[in-house]
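Participant: Quick note on numbering: the numbering used here labels position 270 of the sequence shown as 270, and the sequence is numbered without any gaps. Before anything else, here's the structure in question.
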Amino acid sequence: MNRSILTAILTVSLTSVGTAQSAKRCPGVENGLRDFGDAIATSGVLKVNGDGAQAAYTPDNAGYIYLANGMNIIENGRSMECKEQRLSLCNRLFAEAVQKKFVVGSQEFCLFAIEVASLGENALSKCPDRDGFIVGNGKGAPKKGRSVRNIQGGISETYISTTAMQHMKSGTRAQLDALTVPALVAPKARGNLLGALVLLRYENREAFAIVGDTGPAFTEGSIALHQMLRYGELKPPSPPGIIAAEERCRAAEIAIQPPYMSRGDNGRDDQCRMDGKAQGPANVRAWGNIGTVKSPVQIIVFPKLRVPMNGRLATVELTADYIQHLASRTMDRARIEEIRKCF
């Protein structure tokens, strides 16, 4: 047989074998996920999840997260999302409830990302249709957290932001702080993954994290996780708060770095113009997503590799260093590279 023909046949055969082995090694994609048994892999744009941060939510709606993201409005006994046509109504009625201190007669809201405190001797009331507790109309109020220094140099009050998972900090049960704990959000239906170790890769940088909260999908990560993927280290948080129109585009705003950004509340992406001015006031938000469709963040969750857990409580204090040390000792690098070939 002609040598060139034989070489071509062998090449085709070896390529076919390699393709078959690769197909066997890479499970099919279902709902955007590849389930390897010992790992779950996905990729995409990673949004910011600021839940658990001290300044995640504030009474004046100037925290890292819009209040509407952590609550529903209760209408006719139903829990309705605060978005689209209800957004302005939610914001206005919640501001009124804050002024009335959530007493009887104020609007009722369902809070599912903010801790709720009872008013007087009344027991907390569960939300209709979903998890969470009711505030307003004398049934409860958002629980206040510690005050923080804001971008104007003043003091802002805060609400305690909750996470699906907690950890032990200084001997006390605490929420996972989005500023210090690299954490990934898992779909609510996969709450059994809380505490699992995660490897993420964006371009040429890797970061270790844990599954620390639940939400819509594997598409959100804590502020700390975003910083590890962007910079390879944690950076000081940007002070939250409102930037008045006359203070826009000055040093304090220019110094804001992703995953933080200033966002105008006038319904437009009101960024600083070439003339160094903006249209109106803005707020400091945790909003700078990372990754694109062409260059996504790769995410590998290892369900069998976990931090020490008791239910939804990590029995140790979780820090970026602790998570990185544990992941480095327990993750199999060869296995990681096998999985990465399937992206």
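C-beta: ideal position from N, C-alpha, C; glycine also.
(1) If you draw a straight line from the alpha carbon of glutamine 107 to that of lysine 139, how long is it in whole angstroms?
(2) Note down the Cα distance separating alanine 95 from proline 59, rounded to an integer number of angstroms.
(3) In the DSSP assignment, find the beta strand (DSSP E) that holds glutamate 75 and state where it starts and stops.
(4) How about the region 140-158 and the region 170-181: do they share at least three Cβ pairs that are nearer than 8 Å?
(5) Regarding leucine 111 and the ligand SAH, is the C-beta to nearest heavy atom distance less than 7 Å?
(6) Among Ser43, Pro258 and Met309, which residue has its Cα nearest to the Cα of tyrosine 64?
(7) Could you tell me which of Ala183, Glu75, Ile73 and Ser118 sits nearest to glycine 52, measuring between CA atoms?
(8) Is there contact between the region 82-97 and the region 105-120, where contact requires at least three CB pairs shorter than 8 Å?
(9) Under 8 Å: do the region 26-42 and the region 330-341 share three or more Cβ pairs, one atom per stretch?
(10) Terminal residues of the continuous alpha helix (DSSP H) containing leucine 89?
(11) Helix, strand or coil for lysine 188? Go by DSSP, reduced to three states.
(12) Going straight from the alpha carbon of asparagine 283 to that of isoleucine 243, what length do you get?
(13) Aspartate 321 by DSSP, collapsed to three states: which one?
(14) Exposed or buried, what is asparagine 137 when buried is set at 16 or more other beta-carbons lying within 10 Å of its beta-carbon?
(15) Please confirm if the region 79-88 is in contact with the region 181-200, defined as three or more CB-CB distances below 8 Å between the two stretches.
(16) Could you tell me the boundaries of the beta strand (DSSP E) in which tyrosine 66 lies?
Facilitator: Looking at the coordinates:
(1) C-alpha separation (whole angstroms): 10 Å.
(2) 8 Å
(3) 71-75
(4) Between the region 140-158 and the region 170-181, the count of Cβ pairs shorter than 8 Å is below three; the stretches do not touch.
(5) In the structure on display, the ligand SAH does not appear, and there are no ligands present to speak of.
(6) Pro258
(7) Answer by Cα proximity: Ala183.
(8) yes
(9) yes
(10) 87-99
(11) The answer is helix: DSSP assigns lysine 188 an H, G or I state.
(12) 6 Å
(13) helix
(14) buried
(15) no
(16) Taken as a continuous stretch (DSSP letters only), tyrosine 66 belongs to no beta strand (DSSP E), as it is neither H nor E.
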